[in-house]
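Asks: Below are the structure tokens for one structure; questions will follow.
There are 4 protein chains.
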Amino acid sequence: MLKVGIVGGTGYTGVELLRLLSTHAEAEVVMITSRAEEGVSVDELFPSLRGAMDLRFSTPDVKLLATCDVVFFATPHNVAMNMVPELLAAGTRVIDLSADFRITDADLWSKWYHETHVCPDVLATAVYGLPERNAEKIRSAKLIACPGCYPTAVQLGLIPLLEEKLVDPSRLIVSAASGVSGAGRQAKIDNLFTELSESFKAYGVGGHRHLPEIEQELALAAKGPVGLTFTPHLLPQVRGIHATMYAEMIDPAVPLDEIQFLFEKRYADAPFVDVMHLGSTPQTRTVRGSNMCRIALYRPQNRDTLVVLSAIDNLVKGASGQAIQNMNLMFGLPETMGLQGLALMP
Amino acid sequence: MLKVGIVGGTGYTGVELLRLLSTHAEAEVVMITSRAEEGVSVDELFPSLRGAMDLRFSTPDVKLLATCDVVFFATPHNVAMNMVPELLAAGTRVIDLSADFRITDADLWSKWYHETHVCPDVLATAVYGLPERNAEKIRSAKLIACPGCYPTAVQLGLIPLLEEKLVDPSRLIVSAASGVSGAGRQAKIDNLFTELSESFKAYGVGGHRHLPEIEQELALAAKGPVGLTFTPHLLPQVRGIHATMYAEMIDPAVPLDEIQFLFEKRYADAPFVDVMHLGSTPQTRTVRGSNMCRIALYRPQNRDTLVVLSAIDNLVKGASGQAIQNMNLMFGLPETMGLQGLALMP
Amino acid sequence: MLKVGIVGGTGYTGVELLRLLSTHAEAEVVMITSRAEEGVSVDELFPSLRGAMDLRFSTPDVKLLATCDVVFFATPHNVAMNMVPELLAAGTRVIDLSADFRITDADLWSKWYHETHVCPDVLATAVYGLPERNAEKIRSAKLIACPGCYPTAVQLGLIPLLEEKLVDPSRLIVSAASGVSGAGRQAKIDNLFTELSESFKAYGVGGHRHLPEIEQELALAAKGPVGLTFTPHLLPQVRGIHATMYAEMIDPAVPLDEIQFLFEKRYADAPFVDVMHLGSTPQTRTVRGSNMCRIALYRPQNRDTLVVLSAIDNLVKGASGQAIQNMNLMFGLPETMGLQGLALMP
Amino acid sequence: MLKVGIVGGTGYTGVELLRLLSTHAEAEVVMITSRAEEGVSVDELFPSLRGAMDLRFSTPDVKLLATCDVVFFATPHNVAMNMVPELLAAGTRVIDLSADFRITDADLWSKWYHETHVCPDVLATAVYGLPERNAEKIRSAKLIACPGCYPTAVQLGLIPLLEEKLVDPSRLIVSAASGVSGAGRQAKIDNLFTELSESFKAYGVGGHRHLPEIEQELALAAKGPVGLTFTPHLLPQVRGIHATMYAEMIDPAVPLDEIQFLFEKRYADAPFVDVMHLGSTPQTRTVRGSNMCRIALYRPQNRDTLVVLSAIDNLVKGASGQAIQNMNLMFGLPETMGLQGLALMP
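Protein chains in written order, with our numbering: chain D, 63 to 408; chain Y, 63 to 408; chain A, 63 to 408; chain V, 63 to 408.
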């Protein structure tokens with residue numbers, strides 16, 4: 063039984079880790095930290111957990127956390143990087159759901175997160191935790207940087223096209239939309255029910271922090287530079303990310319069903335990627351609460367622009383579920399363990 | 063491994079049975095029927111099931127259904143009663159989620175459902191499937207009438223008060239609210255997103271079909287007649303039932319904490335009833351997708367009217383989850399098997 | 063043209079006053095205050111106002127406010143009572159949307175609002191601004207205490223029954239539900255979209271601040287003491303209050319249509335009360351954005367408990383619209399001026 | 063006072079016409095038709111209208127409709143074209159909210175709407191009712207083809223760029239999202255609350271009927287062919303359309319503020335187009351219930367792709383409001399008459 067610690071358990075990715083791990087056969091949460099809620103039982107903060115676990119928030123203590131086999135960081139950026147080096151030194155593996163280790167270039171990271179990275183050397187050892195691309199590296203990794211929610215939805219949709227050099231990497235366009243839970247559990251007027259219900263808007267249009275992360279990883283898939291225009295939007299719903307991706311075909315002679323076949327082959331061994339039949343449209347509700355990513359391909363009016371649609375649950379495949387998928391790989395467990403719950407629909 | 067058949071699998075209780083049974087260790091759905099969707103795979107109708115099961119809708123055939131160990135009816139009323147006698151004769155156990163066997167008085171049933179009951183003799187053998195009151199009878203039952211969603215939420219909240227004769231049974235008032243999924247998956251203008259979103263209303267105020275069912279069962283608990291004013295309301299949300307119940311204390315001298323203790327004792331062995339601390343308020347989202355019923359007690363301004371609050375997921379504890387809880391008891395399985403998933407929150 | 067000032071314009075009742083007054087033929091907002099947003103234009107905070115008005119928030123200054131014909135307080139409690147006396151002394155009329163002048167007993171007010179009332183003498187001169195009961199007093203009032211949102215919905219539903227002594231005033235029960243905008247525009251985790259969406263709960267069950275206000279006014283209508291059990295609930299929608307009211311008939315021989323006729327007569331001259339046909343159910347969306355209150359009557363199963371349903375928009379008839387209705391009466395304008403916009407449906 | 067007739071009054075654009083015209087100083091609805099609801103009063107179908115008008119649905123009769131000054135068609139396609147010729151012959155002006163007269167090429171229309179156009183000659187006389195481009199023609203028009211909802215949001219966002227030849231017209235990409243009311247008031251499972259709530263999806267990706275309409279009008283603005291990839295999405299909200307538009311700059315040397323200035327100049331006289339400050343993001347709720355279109359411009363990362371955002375209420379500027387704006391121009395009334403209500407926010 064893996065002993066699991068969670069740092070920063072009062073947010074939505076924290077409670078989602080608790081929900082998913084509560085049914086995991088080989089992992090047990092033994093420690094969950096929160097300075098603000100120290101001593102409070104988790105089910106007092108999250109009544110959905112009542113009767114399921116007997117766990118209290120404790121003040122984060124690296125010594126104690128180091129007694130765990132693996133520690134998840136469900137924290138804002140700039141927290142993990144201050145504790146990870148000591149945990150790794152103690153032999154504890156780390157899965158960071160925050161942005162601290164996602165961008166390999168420390169200077170680029172600083173530009174977007176307005177902090178100086180405190181451990182660039184450790185950063186260099188982090189493995190980017192997208193199992194559909196890095197499964198091998200993940201198995202032997204000591205430190206995992208879990209992909210952001212948007213980056214997960216976008217990469218799974220574009221990777222096959224870029225790996226096979228089917229589209230122009232310099233003019234990619236992504237219009238994506240997220241449920242409000244992506245904004246976290248913070249008391250801000252912008253996140254009030256009254257401010258978001260029955261409304262839709264774009265945000266971060268000028269530049270969203272997930273842009274450099276996406277471009278970095280897509281460049282690896284394309285084996286060359288990529289240019290992306292990325293526009294996130296906010297949906298009046300709690301969970302779900304949907305990405306609508308546009309790419310120019312390099313060779314318009316390639317028929318769509320050939321590309322469909324390519325996607326199916328690329329993800330044949332990926333238990334959490336569902337390449338839907340041609341003509342399908344992924345709905346976020348069909349992945350709500352599940353670790354699945356559903357993808358569909360289009361070539362509108364048979365013109366030269368491909369449209370790829372993908373949908374995930376931002377809190378599961380976009381965060382806590384993917385983190386557990388990484389844990390499973392790191393510890394030689396079945397990739398799907400604890401992640402087989404179906405989406406809640408309706 | 064129990065062989066399970068589902069009659070009427072195209073509604074929300076049908077797909078919820080599939081979701082919950084997909085993780086059940088001792089039961090497997092081998093047959094699911096629908097005349098309209100005959101031959102269609104279940105995941106074509108419900109993409110949330112993609113990759114999880116390989117099952118197609120078939121035309122209902124009692125002979126084939128009789129090869130199952132247990133058959134669930136997830137149908138409108140007036141369907142089950144026409145097939146159940148033959149299934150029982152063949153030795154197949156039946157769990158009916160519809161209203162056909164809930165009301166023991168066939169004439170009363172006819173009055174509310176505008177049909178003549180075709181098998182009053184079989185009706186007489188049905189066990190009302192509220193495990194928190196009838197566990198013993200359920201264990202040996204051949205035919206279970208699953209309680210309605212409102213009746214479940216209301217009975218769990220009032221039963222302890224009536225069993226102990228703490229309140230006047232003749233002047234009970236219940237104001238309850240349900241998510242839209244309670245109305246089923248039917249193409250009706252009244253159920254359109256545009257008709258229900260950002261709105262709230264009462265309905266069936268003059269008399270709702272769940273009224274006679276509730277009064278019948280509460281009378282058994284009270285060992286005498288009860289009088290109930292029941293007002294259902296429709297919520298702009300998909301899942302969840304919340305009941306606010308008002309009852310006049312017979313002896314105002316009884317302190318609230320004594321009643322709280324009574325509830326805790328009454329449900330000490332009930333794995334799916336959560337009597338919350340005094341001062342709590344159950345939220346429907348804390349049971350969304352789970353089989354739990356959360357209850358809280360109040361005595362406003364220390365006057366003589368008790369207020370009991372209860373919350374369930376109408377599709378789980380109010381329907382498919384409770385049906386599986388009944389199946390577990392009928393076949394000597396752990397009561398909670400396949401029902402331990404936590405609520406999806408947020 | 064009436065010169066209107068608004069104190070506390072950054073909340074939802076403030077922006078609603080601006081929306082409604084923007085189409086008022088005889089009133090113009092010349093001043094709107096906010097310490098926090100001093101100097102900011104109103105349409106920067108509320109883009110829905112862009113192009114419609116050129117107004118900036120200023121720091122509240124009683125001297126300046128006193129140059130207005132009428133000042134609305136759209137503030138939390140404990141603000142108005144500190145400025146009103148000076149405004150009244152200067153001859154400016156005041157319409158307070160907060161709770162400072164609603165409860166005539168200063169000690170009772172202190173008990174519920176945990177403050178000492180600073181001007182009990184002025185409190186004694188305030189007129190309770192429910193036009194359907196106090197139109198005459200309102201016409202000559204200098205200071206109006208606008209009713210709370212719940213109290214408006216409840217009083218309009220119960221007043222006719224109590225005035226005519228048709229029901230037992232000692233055992234009234236009200237189950238009411240409100241949209242989230244009733245909680246105001248404050249950065250609190252409890253009010254986040256992620257905490258309220260797709261969920262329903264009761265709150266303030268032990269005692270809500272609107273209880274003493276409702277009991278005070280109902281007692282005046284009943285010409286004697288009333289006992290009320292009041293349970294508010296929170297809806298996953300922005301606007302709308304729905305009240306479901308239960309009252310025991312004193313003389314069960316009185317037929318429902320006689321009571322229906324009584325309501326129609328009672329509100330024959332009330333432009334904003336719609337007594338619907340027997341069998342109707344008011345939906346909050348049918349009053350969204352409008353100043354209307356819709357009411358329907360039931361006598362379930364022809365038993366002795368009457369059920370009255372009422373629906374209003376908490377920000378209009380429950381706050382800003384009713385405030386303007388009061389202003390119209392105070393200044394001899396047509397009662398409906400500026401309030402004739404129809405509900406937004408769908 | 064203009065005598066107004068409405069054909070097909072039982073849908074959402076029909077009731078929205080009634081809401082908006084109820085406050086119009088120079089127009090009165092004297093006739094509203096519906097075969098299905100013949101004889102029913104409009105406020106029975108739409109309780110939000112109770113107390114505001116005394117009007118009943120009648121069976122459509124061209125002779126009677128011809129007694130009106132203007133007739134609005136709020137019908138599905140393939141209805142108006144069968145009645146319009148006779149109405150025009152009788153001297154009645156027509157404003158068609160359906161698609162029958164939007165596409166000038168009858169063959170192209172047939173290809174997308176799967177019907178043969180019955181009056182191509184009349185089609186040739188129709189004026190496309192986008193006041194921001196065709197005000198002059200509209201003033202003298204006898205027959206107006208009201209733009210679709212998506213086409214309105216897209217054209218207002220792209221027209222200035224195409225008119226000034228600032229972007230490549232051959233590679234336009236639009237990702238747009240609509241509230242559910244755009245799907246109309248039809249009893250379809252796909253439009254149920256339970257199917258759409260808390261979910262987001264694309265639809266019509268392969269080809270939406272608004273594509274040829276948009277390309278036709280953009281080509282007129284560009285004075286040359288345009289190529290558009292258009293992806294509509296469905297939002298879990300009732301009202302609102304948001305378009306996110308991507309266009310490649312022809313001359314990257316042109317600074318964004320110059321383009322901003324160009325937009326402000328282009329729409330300086332357009333009362334219903336709000337070009338927001340640089341850095342703003344239009345939210346659909348800031349136009350809910352209003353006839354306004356809000357637009358914002360971006361040049362992400364100062365690269366060569368411009369992003370234009372626009373938001374409208376699909377039932378107002380996208381349908382009924384724009385229809386009234388056209389009526390005002392046709393009859394020499396102030397363009398904003400009856401359309402000055404502010405958005406309902408929150």
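Here a beta-carbon is modelled for each residue, glycine too, at the ideal position from N, C-alpha and C. Since we're looking at a predicted model, the values are computed, not measured.
Identify every run of the beta strand (DSSP E) within the stretch 270-332 of chain D, keeping only runs that are complete inside it and at least 3 residues long; order them along the chain.
Replies: Fully enclosed beta strand (DSSP E) runs of 3 or longer: 290-296 and 303-310.
Asks: The alpha helix (DSSP H) with residue 157 of chain A in it runs from where to where?
Replies: Residue mapping note: residue 157 of chain A aligns to position 95 of the third sequence, counting from 1. Not the alpha helix (DSSP H): residue 157 of chain A falls in the beta strand (DSSP E), residues 155-158.
Asks: What ranges does the alpha helix (DSSP H) occupy inside the stretch 119-153 of chain Y, keeping only unbroken runs of at least 4 residues that lie completely in it?
Replies: Complete alpha helix (DSSP H) runs here, min 4: 124-127 and 142-151.
Asks: Residue 294 of chain A and residue 240 of chain A look like a contact to me (Cβ under 8 angstroms); what is the Cβ gap, rounded to whole Å?
Replies: Position 232 of the third sequence, counted from the first residue, corresponds to residue 294 of chain A. Position 178 of the third sequence, counted from the first residue, corresponds to residue 240 of chain A. That belief holds up - the Cβ atoms of residue 294 of chain A and residue 240 of chain A are roughly 6 angstroms apart, short of 8 angstroms.
Asks: DSSP three-state label for residue 347 of chain A, please.
Replies: Here residue 347 of chain A is taken as the residue at index 285 of the third sequence, counted from 1. Looking at residue 347 of chain A - three-state DSSP - the assignment turns out to be helix.
Asks: Quick check on DSSP: helix, strand or coil for residue 361 of chain V?
Replies: Locating residue 361 of chain V in the fourth sequence gives position 299, where the first residue counts as 1. The answer is coil: DSSP assigns residue 361 of chain V none of H, G, I, E or B.
Asks: Quick one: grab the DSSP three-state call for residue 336 of chain Y.
Replies: As a working mapping, residue 336 of chain Y is identified with position 274 in the second sequence. Three-state DSSP puts residue 336 of chain Y in a strand.
Asks: According to DSSP, what are the bridge partners of residue 95 of chain D?
Replies: One-based indexing of the first sequence puts residue 95 of chain D at position 33. Partner(s): D/69 and D/120.
Asks: Exposed or buried, what is residue 76 of chain V when buried is set at 16 or more other beta-carbons lying within 10 Å of its beta-carbon?
Replies: Here residue 76 of chain V corresponds to residue number 14 of the fourth sequence, with the count starting at 1. Label assigned to residue 76 of chain V: buried.
Asks: Just checking my contact of residue 254 of chain A with residue 298 of chain A at CB under 8 angstroms: how many whole Å lie between their CB atoms?
Replies: Taking the third sequence and counting its residues from 1, one reaches residue 254 of chain A at position 192. Taking the third sequence and counting its residues from 1, one reaches residue 298 of chain A at position 236. Between residue 298 of chain A and residue 254 of chain A the Cβ distance is about 12 angstroms, and since that is not below 8 angstroms, they are no contact.
Asks: Does the CB of residue 111 of chain D have a neighbour CB from chain Y at under 9 angstroms?
Replies: Translated into positions along the first sequence, residue 111 of chain D becomes position 49. Closer than 9 angstroms: yes.
Asks: Kindly indicate which residue of D/375, D/300, D/342 and D/324 has the alpha-carbon position closest to the one of residue 334 of chain D.
Replies: Numbered from 1 along the first sequence, position 272 holds the residue referred to as residue 334 of chain D. For the residues D/375, D/300, D/342 and D/324, the minimum Cα distance to residue 334 of chain D belongs to D/375.
Asks: Residues in the stretch 304-338 of chain V with C-beta within 9 angstroms of chain D's C-beta atoms, listed in sequence order?
Replies: Residues passing the 9 angstroms Cβ filter: 304, 306, 308 and 310.
Asks: Beta carbon of residue 96 of chain V, beta carbon of residue 67 of chain V: below 9 angstroms?
Replies: In the fourth sequence, the residue the question calls residue 96 of chain V occupies position 34. In the fourth sequence, the residue the question calls residue 67 of chain V occupies position 5. No.
Asks: If you draw a straight line from the C-alpha of residue 332 of chain D to the C-alpha of residue 201 of chain D, how long is it?
Replies: As a position in the first sequence, residue 332 of chain D is number 270, starting the count at 1. As a position in the first sequence, residue 201 of chain D is number 139, starting the count at 1. Looking at the two C-alpha atoms, the distance is approximately 15 angstroms.
Asks: Kindly indicate if chain A contains any beta-carbon less than 9 angstroms away from that of residue 256 of chain D.
Replies: Here residue 256 of chain D is taken as the residue at index 194 of the first sequence, counted from 1. It does: the Cβ of residue 256 of chain D has a partner Cβ on chain A nearer than 9 angstroms.
Asks: Does any residue of chain Y have a CB that is nearer than 9 angstroms to the CB of residue 354 of chain D?
Replies: One-based indexing of the first sequence puts residue 354 of chain D at position 292. Yes, contact with chain Y.
Asks: Are the CB atoms of residue 393 of chain V and residue 90 of chain V within a distance shorter than 9 angstroms?
Replies: Residue mapping note: residue 90 of chain V aligns to position 28 of the fourth sequence, counting from 1. Residue mapping note: residue 393 of chain V aligns to position 331 of the fourth sequence, counting from 1. Taking 9 angstroms as the Cβ cut-off, residue 90 of chain V and residue 393 of chain V do not qualify as a contacting pair.
Asks: I want to verify the contact list: residues of chain V whose CB lies under 7 angstroms from the CB of residue 221 of chain D, in sequence order.
Replies: If you number the first sequence from 1, residue 221 of chain D lands on position 159. Correct list: empty, because the minimum Cβ distance to chain V is about 20 angstroms.
Asks: Which residues in chain V sit within 8 angstroms of residue 260 of chain Y, going by Cβ to Cβ distance?
Replies: For this step, residue 260 of chain Y is matched to residue 198 along the second sequence. Correct list: 300.
Asks: So, under 8 angstroms CB-CB, residue 170 of chain A and residue 224 of chain A are touching, yes? Tell me the CB distance rounded to an integer number of Å.
Replies: To locate residue 170 of chain A, count along the third sequence from 1; it is residue 108. To locate residue 224 of chain A, count along the third sequence from 1; it is residue 162. Wrong, their Cβ atoms sit about 20 angstroms apart, outside the cutoff.
Asks: Give me whichever residues DSSP pairs with residue 240 of chain Y in a beta bridge.
Replies: On the second sequence, residue 240 of chain Y is found 178 positions in, with the first residue counted as 1. Paired residues: Y/296 and Y/303.
Asks: With three or more C-beta pairs closer than 8 angstroms as the rule, is the stretch 182-193 of chain A touching the stretch 205-223 of chain A?
Replies: The stretch 205-223 of chain A vs the stretch 182-193 of chain A: in contact.
Asks: Once the 5 residues before and after residue 353 of chain Y are set aside, which same chain residues still bring their CB inside 6 angstroms of it?
Replies: Within the second sequence, the letter at position 291 stands for residue 353 of chain Y. So the qualifying residues of the chain are 334, 378, 379, 383 and 401.
Asks: Per DSSP, which residues does residue 78 of chain V bridge with? Please list them.
Replies: Indexing the fourth sequence from 1 puts residue 78 of chain V at position 16. Partner(s): none; residue 78 of chain V has no beta bridge.
Asks: Per DSSP, which one or two residues make a beta bridge with residue 234 of chain A?
Replies: Locating residue 234 of chain A in the third sequence gives position 172, where the first residue counts as 1. According to DSSP, which records beta bridges pairwise, residue 234 of chain A is partnered with A/290.
Asks: Under DSSP, the beta strand (DSSP E) around residue 372 of chain V begins and ends at which residues?
Replies: Taking the first residue of the fourth sequence as position 1, residue 372 of chain V is located at position 310. Here the beta strand (DSSP E) through residue 372 of chain V covers 367-374.
Asks: Spell out whether any CB of chain Y is found under 9 angstroms from the CB atom of residue 343 of chain A.
Replies: As a working note, residue 343 of chain A is residue 281 in the third sequence. Residue 343 of chain A counts as touching chain Y.
Asks: Which bits of chain D does residue 247 of chain A rub up against, with CB to CB less than 9 angstroms?
Replies: As a position in the third sequence, residue 247 of chain A is number 185, starting the count at 1. Those are 251, 254, 256 and 257, listed as they occur along chain D.
Asks: When the cut-off is 9 angstroms and only beta carbons count, does residue 74 of chain V lie next to chain Y?
Replies: Position 12 of the fourth sequence, counting from 1, holds the residue named residue 74 of chain V. Yes, contact with chain Y.
Asks: Against chain D, with Cβ distances strictly below 9 angstroms, would residue 413 of chain A count as a contact?
Replies: With chain A represented from 63 up to 408, any question about residue 413 of chain A goes unanswered, as that position is not in the structure.
Asks: Could you tell me the distance, in whole angstroms, from the CA atom of residue 105 of chain V to the CA atom of residue 247 of chain V?
Replies: The residue you call residue 105 of chain V lines up with position 43 of the fourth sequence. The residue you call residue 247 of chain V lines up with position 185 of the fourth sequence. C-alpha separation (whole angstroms): 16 angstroms.
Asks: Beta carbon of residue 160 of chain V, beta carbon of residue 115 of chain V: below 9 angstroms?
Replies: As a first step, residue 160 of chain V is located in the fourth sequence; it is residue number 98 there, counting from the start. As a first step, residue 115 of chain V is located in the fourth sequence; it is residue number 53 there, counting from the start. No, these two residues do not count as a Cβ contact at 9 angstroms.
Asks: If you follow the alpha helix (DSSP H) that residue 107 of chain D is part of, which residue opens it and which one closes it?
Replies: Locating residue 107 of chain D in the first sequence gives position 45, counting from the first residue. Residue 107 of chain D -> alpha helix (DSSP H) spans 104-107.
Asks: When we look at the beta-carbon of residue 306 of chain Y and count the other beta-carbons within 10 Å, is it buried (16 or more) or exposed?
Replies: On the second sequence, residue 306 of chain Y is found 244 positions in, with the first residue counted as 1. So residue 306 of chain Y counts as buried.
Asks: For the candidate residues V/361, V/251, V/355 and V/79, whose alpha-carbon lies nearest to that of residue 218 of chain V?
Replies: Looking up residue 218 of chain V in the fourth sequence gives position 156. The shortest C-alpha separation from residue 218 of chain V is found at V/355.
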